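Taking the working numbering as reference, the numbering of the sequence shown is continuous, increasing by one, and the terminal residue is 574. Structure first, then comments.
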Amino acid sequence: MKNLERDFLQGLETVLGKPNPFIPLHEPEFTGNEWERVKDCLDSTFVSSVGKYVDRFEVLLAEYTGAKYAIAVVNGTAALHIALLLAGVGPGDEVLIPALSFVATANAVAHCGAIPHFIDSEIETLGVDAEALRTYLKNCAIVDANGLINRFTKRRIAALVPMHSYGHPVNMTSLLDVAKDYNLPIVEDAAESLGSTYCGQHTGTFGQLGIVSFNGNKVITTGGGGVILTNDEEVAQQAKHLTTTAKLPHRWEFFHDRVAWNYRLPNLNAALGCAQIEQLPDFLRRKRLLAEQYQKVFQDIDGINLVSEPKYCKSNYWLNTLRLEKPSFEMRDRLLTIANDSGYQCRPTWNLLHKLPMYADCPRAPLPVAEQLEASLINIPSSAKFARG
Ligand SMILES: Cc1ncc(COP(=O)(O)O)c(C=O)c1O
Numbered sequence: 186m187k188n189l190e191r192d193f194l195q196g197l198e199t200v201l202g203k204p205n206p207f208i209p210l211h212e213p214e215f216t217g218n219e220w221e222r223v224k225d226c227l228d229s230t231f232v233s234s235v236g237k238y239v240d241r242f243e244v245l246l247a248e249y250t251g252a253k254y255a256i257a258v259v260n261g262t263a264a265l266h267i268a269l270l271l272a273g274v275g276p277g278d279e280v281l282i283p284a285l286s287f288v289a290t291a292n293a294v295a296h297c298g299a300i301p302h303f304i305d306s307e308i309e310t311l312g313v314d315a316e317a318l319r320t321y322l323k324n325c326a327i328v329d330a331n332g333l334i335n336r337f338t339k340r341r342i343a344a345l346v347p348m349h350s351y352g353h354p355v356n357m358t359s360l361l362d363v364a365k366d367y368n369l370p371i372v373e374d375a376a377e378s379l380g381s382t383y384c385g386q387h388t389g390t391f392g393q394l395g396i397v398s399f400n401g402n403k404v405i406t407t408g409g410g411g412v413i414l415t416n417d418e419e420v421a422q423q424a425k426h427l428t429t430t431a432k433l434p435h436r437w438e439f440f441h442d443r444v445a446w447n448y449r450l451p452n453l454n455a456a457l458g459c460a461q462i463e464q465l466p467d468f469l470r471r472k473r474l475l476a477e478q479y480q481k482v483f484q485d486i487d488g489i490n491l492v493s494e495p496k497y498c499k500s501n502y503w504l505n506t507l508r509l510e511k512p513s514f515e516m517r518d519r520l521l522t523i524a525n526d527s528g529y530q531c532r533p534t535w536n537l538l539h540k541l542p543m544y545a546d547c548p549r550a551p552l553p554v555a556e557q558l559e560a561s562l563i564n565i566p567s568s569a570k571f572a573r574g
C-alpha cells in the first residue's frame, strides 16, 4: 500500500473507528419523536395528502429557512420541476446548470421540456463559478426582445440553477449580480443544503424560488420528500395549485382548471419530517463536530484536503468531501477501492452530467474545473452519530 492510501485509511479509522462490518456514507437517525408522530398520524387515518402534519411541516420549514412560503412535495426532483415551471421555463428553453451536480438537476429541466446548458464550477465552493459564467455569457449569449438568447442554438436561456454541493453554499452575491445583469431568474437547487447559510441567510431563499430534498440520505428525512421555497405569495399559491392536481377548492366538486401534478407530500411523510426538524440543530452541531474531527486528521496528510465551508458561509457539512490535490481518476479509484473493501462506504462525486448519454448533446461551457473536481472528489462517511463529544 502506498503512503496516501495508507494515510487515507488510517484517517478514516481514527475518526470513525473500525467498521463492524460496514459504515455507510450517511444514515438517517430516528432518536426523537419520530415513532410517536408517525403513530399519531396512522391513528388519525389521515395518511395521505391532507392532514395537520403536512401543514405543520410547511410552517416549520418556512420558520427555519426564513422563506415566506414553503410548499411540501413528494421529493426534491418534483420540487425543482415545479419551481422551474414557475420561474417561466418552458419547452425548448435552455437552463444553465452546473455540470457537476446530481442527475436530478438536469432531469427536472428535461421534465419541463427544456434543455440543460452546462456551466463550470469553482474549486473553493464546488458550485457555479460566477465569473466564468459572466465571461462565457458575453461570448455565447445576446439579449434581445425575447430575453437572453443562445447565439449558437438560437434558444432562449430561461433560468440559472445554482446548486449548493454537499451543503457548501455557492457564492450567491456574485451569482445574483450576473443574474441581474442578464435578467435571469434564479432557481436554487438547495436539495443538499438544509441548515446551510450564506452571509447569515438560508440557502434556497436567494432566488425567485428554491428547493430542498428530504430523501433518506439527507440531513433530515421524510422518507422521500421535498419543499419549494419562495417569498412571493402568488408563486406560492401557484406552487400549491400545480402540485395538488390544480383542483379548485370546493366541498365536493372535482373541478381542475389545468393539467397539473399530484406532487403533494403525504401527511405520513410529513409526520416524520416534523419529528426530524426538531432534531435538526443537534444534527447540525454534531455534523460540524465530525467535520472538525476529519479536518484535524486530514490536514496533516499530503496530497488530500477536506473541503471546508467557504468564507461568509455556514455549511451543514451534509457529506464530508476530500479533494485530491492532484486530480487523478486512477488514484481516486484506488482510494475508493481500499476504503470500500475495508468497510467504509466512500463514493466519488457524480459523473459530470454532459457525460451521461441523454445529456451528451446539450450545450456546454468549457468545464476545466468541473473536470478536475470529477477526478478528485471523494465523499466519506458523514452520519452525525460518528461525532465525538
Ligand atoms: C443536487 C440535488 N438536486 C436534486 C435532488 C433531488 O432530490 P430527490 O432525491 O428528493 O428527488 C438531489 C438529491 O437527491 C440532489 O442531490
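Glycine residues also receive a C-beta, built at the ideal position from the N, C-alpha and C atoms. Computed from a prediction, not measured in an experiment: that's the story for all the values here.
Neighbourhood of residue i by C-beta distance below 7 angstroms, restricted to the same chain and skipping five residues each side
{"i": "ARG319", "result": "VAL363"}
{"i": "ALA545", "result": "HIS539"}
{"i": "ASN501", "result": "GLY352, SER378, LEU379, GLY380, SER381, VAL404, LEU469 and LYS472"}
{"i": "HIS266", "result": "ALA293, HIS296 and CYS297"}
{"i": "PRO566", "result": "LEU201, ILE208, PRO209, LEU210, TYR529 and GLN530"}
{"i": "VAL313", "result": "PRO283, ILE304, SER306, PRO347, VAL355 and LEU360"}
Cβ pair residue i, residue j closer than 8 angstroms
{"i": "LEU271", "j": "LEU394", "result": "yes"}
{"i": "LEU369", "j": "LYS403", "result": "no"}
{"i": "THR310", "j": "VAL355", "result": "yes"}
{"i": "ALA299", "j": "ILE413", "result": "no"}
{"i": "PHE242", "j": "ALA257", "result": "yes"}
{"i": "LEU360", "j": "ILE342", "result": "no"}
{"i": "ALA263", "j": "GLY411", "result": "yes"}
{"i": "LEU285", "j": "VAL346", "result": "no"}
{"i": "PHE207", "j": "GLN530", "result": "yes"}
{"i": "ILE396", "j": "ASP192", "result": "no"}
Check: residue i C-beta below 7 angstroms from any heavy atom of ligand 3
{"i": "LEU265", "result": "Judged by which ligands are present, ligand 3 is missing from the structure shown, whose ligands are ligand 1."}
Same chain only: Cβ atoms within 6 angstroms of residue i, ignoring 5 sequence neighbours per side
{"i": "MET357", "result": "TYR383 and PHE391"}
{"i": "CYS498", "result": "PRO354 and TYR383"}
{"i": "TYR321", "result": "ALA550"}
{"i": "ALA317", "result": "ASP305"}
{"i": "VAL420", "result": "LEU271"}
Coil, strand or helix - residue i by DSSP
{"i": "CYS297", "result": "coil"}
{"i": "ILE462", "result": "helix"}
{"i": "SER306", "result": "strand"}
{"i": "GLU198", "result": "helix"}
{"i": "PRO209", "result": "coil"}
{"i": "SER359", "result": "helix"}
{"i": "ILE371", "result": "strand"}
{"i": "CYS498", "result": "strand"}
{"i": "GLY395", "result": "strand"}
{"i": "LEU491", "result": "strand"}
{"i": "VAL258", "result": "strand"}
{"i": "PRO512", "result": "coil"}
Integer Cβ distance of residue i from residue j, believed to fall under 8 angstroms
{"i": "ASN505", "j": "LEU475", "result": "7 angstroms"}
{"i": "TYR575", "j": "LEU491", "result": "Only positions 186 to 574 of the chain appear in the structure, and residue 575 is not among them; the question remains open."}
{"i": "SER568", "j": "GLU212", "result": "4 angstroms"}
{"i": "ALA376", "j": "VAL274", "result": "About 17 angstroms separates the two Cβ atoms, so there is no contact after all."}
{"i": "GLY261", "j": "SER398", "result": "3 angstroms"}
{"i": "VAL259", "j": "TYR448", "result": "5 angstroms"}
Contacting residues, own chain, Cβ-Cβ under 8 angstroms from residue i (five flanking each side not counted)
{"i": "VAL223", "result": "LEU453, ALA456, LEU457 and ALA460"}
{"i": "ALA326", "result": "LEU333, ILE334, ASN335, ARG336, ILE342 and TYR367"}
**OP:** Quick one: which unbroken beta strand (DSSP E) runs of 3-plus residues sit fully inside the stretch 313-357? Chain order, please.
**Re:** Counting only runs of 3 or more, we get 326-329, 332-335 and 342-345.
Subject >> Uninterrupted alpha helix (DSSP H) stretches inside the stretch 399-486 (no shorter than 4 residues) >> reply: 418-428 and 452-483
Original post:
Which ranges would you report for the beta strand (DSSP E) in the stretch 229-283 if only whole runs of at least 3 residues count?
Top reply: The qualifying runs are 254-258 and 279-283.
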